[in-house]
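Residue numbers (mature numbering (1 follows the signal peptide of the UniProt record, and there is no 0)): -19 to -1, 1 to 44.
Ideal Cβ placement from N, Cα and C applies to all residues, glycine included.
See below for the structure under consideration.
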């Protein structure tokens, strides 16, 4: 019975294996010196990705 509790605790504590890139889209946007916009990108900016789990737009300079 103790081993069952131990296995259950390990399942909760160990993070699931996620294939690919685990870096969030917001960190990638900010690292590239871009900004996050809620509805539309500001003037002279264009959308080139997403932020905050695809809830906002990542905007980069157009000129």
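| query | Considering only C-alpha positions, which residue in the set 9, 30, 44 is nearest to residue 21? | reply | 30
| query | Looking at the unbroken alpha helix (DSSP H) that takes in residue 7, where does it start and where does it end? | reply | 6 to 12
| field | CA nearest to the CA of residue 41, picked from 4, -17, 7, 15 | value | 15
| request: Taking only the alpha-carbon atoms, compute the straight-line gap between residue 27 and residue 39 and give it to the nearest angstrom. | output: 8 Å
| request: Sort -17, 37, 12, 43 by Cα distance to residue 25 and report the nearest one. | output: 43
| query | If you compare alpha carbons, which of 23, 32, 19 is closest to residue 8? | reply | 32
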